[in-house]
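The structure appears right after this line, and notes come after that.
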Amino acid sequence: MKPVLIWDWDGTLVDSLDYKYEDIWSEIFPGDKKKQKIVISYIQTPKGKSVNRYGLIRYVLSVTDNPEIAHWDDETFKNNTRVKVLIDKYEHAVKAFLYKNGLRAGAQQTLSSLFQNGYHMYIISGGGTDDSLREIMKEFDIDKYFKAIFGFGSNGASLTCFGKNENFSRVVGLERNTDTSRYVVIGDSITDHTFTKKIGGNFIGIKNKWNGWSNNSQRFLVVSNIAEIPTILEKQFLLTT
Numbered sequence: 311m312k313p314v315l316i317w318d319w320d321g322t323l324v325d326s327l328d329y330k331y332e333d334i335w336s337e338i339f340p341g342d343k344k345k346q347k348i349v350i351s352y353i354q355t356p357k358g359k360s361v362n363r364y365g366l367i368r369y370v371l372s373v374t375d376n377p378e379i380a381h382w383d384d385e386t387f388k389n390n391t392r393v394k395v396l397i398d399k400y401e402h403a404v405k406a407f408l409y410k411n412g413l414r415a416g417a418q419q420t421l422s423s424l425f426q427n428g429y430h431m432y433i434i435s436g437g438g439t440d441d442s443l444r445e446i447m448k449e450f451d452i453d454k455y456f457k458a459i460f461g462f463g464s465n466g467a468s469l470t471c472f473g474k475n476e477n478f479s480r481v482v483g484l485e486r487n488t489d490t491s492r493y494v495v496i497g498d499s500i501t502d503h504t505f506t507k508k509i510g511g512n513f514i515g516i517k518n519k520w521n522g523w524s525n526n527s528q529r530f531l532v533v534s535n536i537a538e539i540p541t542i543l544e545k546q547f548l549l550t551t
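Counting in my numbering, the sequence shown runs from 311 upward without gaps.
What follows is the structure, given as structure tokens:
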């Protein structure tokens, strides 16, 4: 029996981290070097890596403009006029970048091959809401390879968090299989690996400059090229029952 594959998005299927970790913030906060520096520094911390765009914007506004923002409930924060403008700018900037730069090398062919070979695949990502991720993947003509695409903000989790655990419950419900050893998570961050350990699944790491992973330095499989994944799955993760 083939394992169920759960893919991350940013840094895994698209090379977007340089942009999202650095360049985008000059577009979100143009001319405000202080805010740009604060948010870019925050992204490098464990807490900064554990929140999505809402969490990043909440943090920078709370430490530069109004400390009370840190304590607003999700609805108050989401519906704030200024926050709406910033999130809208972020969304449009990300889409423009991705549509210009495309998928990571080998991603389209690998997803197509896995789909044709009968793998059930899902996206669980903090890189956007369900709808925004689905829209982007439809543009790349890869939405058809996934049984479902799960982002953040519509699954009962905090608005500022990735919602990975809540989304995994959605996957289990669709698969009707609670044996977590049958799930393989493919991602590029410690957050992805921690999530995998928490659910009791298996992990394949995608190397990039931000994680600096190698097979010699990690206690899990690491690949440099997405095209390696089908062979690894066939050799190491095919389930006998």
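Backbone N, C-alpha and C fix where the C-beta goes; we use that ideal spot for every residue, glycine too.
Cβ atoms of residue j and residue i: under 8 Å apart, would you say?
i: LEU531; j: ILE514; result: yes
i: PHE460; j: ASN477; result: yes
i: PRO540; j: LEU371; result: no
i: THR470; j: TYR364; result: yes
Buried or exposed for residue i, please, with buried defined as at least 16 other CB atoms from any protein chain shown within 10 angstroms of its CB.
i: SER524; result: exposed
i: ARG492; result: buried
i: HIS381; result: exposed
i: MET311; result: exposed
i: ARG529; result: exposed
i: SER527; result: exposed
i: THR355; result: exposed
Who are the near neighbours of residue i in its chain, counting only those whose CB is closer than 6 Å to its CB and skipping five residues on each side?
i: ALA417; result: LEU323 and ILE536
i: VAL494; result: PRO313, LEU315, ASN512 and PHE547
i: GLY358; result: TYR352
i: TYR331; result: ILE353
i: TRP520; result: LEU327
With DSSP as the reference, please indicate the residues paired to residue i in a beta bridge.
i: TYR493; result: VAL314
i: ASN512; result: VAL494
i: TYR431; result: Just to set this straight, residue 431 is Met in the shown sequence, not Tyr. According to DSSP, MET431 bridges with LEU315.
i: ASP320; result: VAL324
i: ILE459; result: ILE433
Ordered along the chain, which non-local residues of its own chain (more than five positions away) have a Cβ less than 7 Å from that of residue i?
i: VAL581; result: Only positions 311 to 551 of the chain appear in the structure, and residue 581 is not among them; the question remains open.
i: PHE339; result: LYS345 and GLN346
i: LYS410; result: none
i: LEU484; result: LYS457 and ALA458
i: THR550; result: Its pLDDT being 49, under 50, THR550 is placed unreliably in this model, and the coordinates cannot settle the point.
i: ASN390; result: none
Inset, instruction - State whether the stretch 401 to 409 contacts the stretch 423 to 431, with contact taken as three or more CB pairs (one from each stretch) at a distance under 8 Å. - result: They do not touch, by the three-pair rule.
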